[in-house]
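Those letters in the sequence shown? Residues 3 to 76, per the working numbering, in order. I have placed the structure first, in the form of structure tokens, so that the comments after it can refer back to it.
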Amino acid sequence: MTVEDQPKIDILVVGGLHMDDFEWASRQYEAIGYVLVAFIMDHDAYHWKAIYIKAEQLTYALQKGIVGRLTAKT
Numbered sequence: 003m004t005v006e007d008q009p010k011i012d013i014l015v016v017g018g019l020h021m022d023d024f025e026w027a028s029r030q031y032e033a034i035g036y037v038l039v040a041f042i043m044d045h046d047a048y049h050w051k052a053i054y055i056k057a058e059q060l061t062y063a064l065q066k067g068i069v070g071r072l073t074a075k076t
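If you want it as structure tokens, here you go:
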């Protein structure tokens, strides 16, 4: 499969969040068609990172294991 044949996945990684920021962030990103797929503790052990994927691409991303690879790298 060439690069041109590979589907593009729209991913947002939002860092520097406090736990109470997730409600605000979820409203903002869900309003434009993204869904929260993971949140992980940042390296400073205080802030969080949230990973969002475009809703219509979620099934494909899960089937291909893209979400798992993202959470392992961030």
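Virtual Cβ for every residue (Gly too), placed ideally from N, Cα, C.
Looking only at its own chain, which residues have a Cβ that is under 8 Å from the Cβ of residue 71, when we skip the five neighbours before and after it? Leaving aside the five residues that flank residue 71 on each side, none in its chain has a CB nearer than 8 Å to its CB.
Who are residue 10's beta bridge partners in DSSP? Looking at the DSSP output, residue 10 sits in no beta bridge, so it has no partner there.
Residue 15 versus residue 53 - alpha carbon distance: One C-alpha to the other measures close to 5 Å.
Using the Cα positions of residue 23 and residue 57, report the straight-line distance between them to the nearest angstrom. The alpha-carbon separation between residue 23 and residue 57 amounts to approximately 21 Å.
May I ask you to report which of helix, strand or coil DSSP gives residue 68? DSSP places residue 68 in helix when its eight states are reduced to three.
Sequence-distant residues of its chain with Cβ nearer than 7 Å to residue 59 (five each side left out): Correct list, in chain order: 11 and 12.
Taking the straight line between their C-alpha atoms, what separation do you get for residue 32 and residue 40? Whole-angstrom Cα-Cα distance: 14 Å.
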